[in-house]
Ligand code: LRH
Ligand code: MN
Ligand code: MN
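In the UniProt record's numbering, the protein residues as written are 1 to 388.
Put into structure tokens, the structure is as follows:
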């Protein structure tokens, strides 16, 4: 009998992880952008590649867009193109980090003209959401300062809240705004939304339709991210995850690659807090594949999330509760470690086969010939967006 109970398997069957369109474009560091053969040349090709990830895993039913990187003339037609390939268009990400006008800020800018331009960009993103059927607008702001004294941090917060209110007012009844935080970069001294507390303060005063986006790569080393997950779920304000992993900075590496145990601890708190398969908590990847092929990189990523979810679901909650109540520190810890060290891969492979999927999605994709086909068909793929 499988180590994964029918209850665990039916929970896993409902799991969906949104892919970022930009993961399929070329990316790199500020030193160099590497190219891979077969890189998409336009949003449609990115969506076609994302659909391959879903085809082999049944785990990735939607694709997030980044505007203007994924700007097209006709979003309704992009939507039906995606739906024909079996995927939905998901979160729309705004972008105020590449326009010359935003050098000194966008939603926080002291010049009303530039601030209005940044607000209008977000209103345009909501128009796009109307056409694509997307629910979420994700806002990450590259705003801040490099030197003490450069800016008045307080008035920037006031302008930010005011700008967000204007954007929030335009949301439809079924739409949401998620505000992502990041503790540094591109500014090095202060960032206008550096942490979950600041994001929470803004979204809490906006209202029900606003919540926090937690990007796992956006914390200082050693941060207890699962505590933040617990707290935001407790407050009903965890809107979405941007999953990835990091060794040093905002590395955007394959989720679960750098610290699988951290991913386990995060998902454990998601399960504990009722955030798994909960439509209020969107699971997304925010990654870039710098040196490896992008489609298998994304397949590996969603499988990592699935494997870690299976392990988190293996924790014996009743025994854990009893161990905690009796202050049995070692027994409680052992229950977690037993689940973490359980190799769920054979059971997941068997389960995939029983659902008509390939036991090993990485191998099935590699054998499909798709990678060779796109390498032959597509010449001159574009970057994810940076420097494009
Ligand atoms: C910022 C970020 C944000 C952007 C994405 C490209 O570091 O995490 O989510 O939209 O990277
Ligand atoms: Mn992110
Ligand atoms: Mn990031």
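No residue lacks a Cβ here, since even glycine has one placed at the ideal position from N, Cα and C.
Only a predicted model underlies this, so the values are computations on that prediction, with no experimental measurement involved.
{"Check": "Residue 291 versus residue 26 - alpha carbon distance", "Outcome": "9 angstroms"}
{"Check": "Residue(s) in a DSSP beta bridge with residue 20", "Outcome": "64"}
{"Check": "Residue nearest to residue 189 in terms of C-alpha spacing, selected from 210, 197, 146 and 199", "Outcome": "146"}
{"Check": "Any non-hydrogen atom of ligand 1 closer than 6 angstroms to residue 140 Cβ", "Outcome": "yes"}
{"Check": "Any 3 or more C-beta pairs closer than 8 angstroms across the stretch 320-332 and the stretch 277-284", "Outcome": "no"}
{"Check": "DSSP state of residue 149 mapped onto helix, strand, coil", "Outcome": "coil"}
{"Check": "Residue 138, DSSP secondary structure in three states", "Outcome": "strand"}
{"Check": "Cβ-based burial, residue 352 [other Cβ within 10 Å; buried from 16]", "Outcome": "buried"}
{"Check": "Residues bridged to residue 176 (per DSSP)", "Outcome": "136"}
{"Check": "Contact under 7 angstroms by Cβ, residue 97 with residue 142", "Outcome": "yes"}
{"Check": "N- and C-terminal bounds of the beta strand (DSSP E) containing residue 284", "Outcome": "282-285"}
{"Check": "Test item: CB-CB of residue 315 and residue 347 under 7 angstroms", "Outcome": "no"}
{"Check": "Rounded Cβ spacing between residue 245 and residue 217 (contact assumed at less than 8 angstroms)", "Outcome": "7 angstroms"}
{"Check": "CA-to-CA distance, residue 135 to residue 174, given in whole angstroms", "Outcome": "7 angstroms"}
{"Check": "Pairwise C-alpha distance: residue 312 and residue 226", "Outcome": "13 angstroms"}
{"Check": "The alpha helix (DSSP H) enclosing residue 98, as first and last residue numbers", "Outcome": "Looking at the DSSP string, residue 98 is not in any alpha helix (DSSP H), and its letter there is neither H nor E."}
{"Check": "Pairwise C-alpha distance: residue 193 and residue 6", "Outcome": "42 angstroms"}
{"Check": "Length of the line joining the Cα atoms of residue 43 and residue 65", "Outcome": "9 angstroms"}
{"Check": "Neighbour-count burial assignment, residue 31, 16 or more Cβ in a 10 Å radius", "Outcome": "exposed"}
{"Check": "Residue 250 CB to nearest heavy atom of ligand 1 below 6 angstroms", "Outcome": "yes"}
{"Check": "Heavy atom of ligand 1 within 6 angstroms of residue 290 beta-carbon", "Outcome": "no"}
{"Check": "Nearest to residue 161 (by Cα), restricted to the options 196, 206, 148 and 140", "Outcome": "206"}
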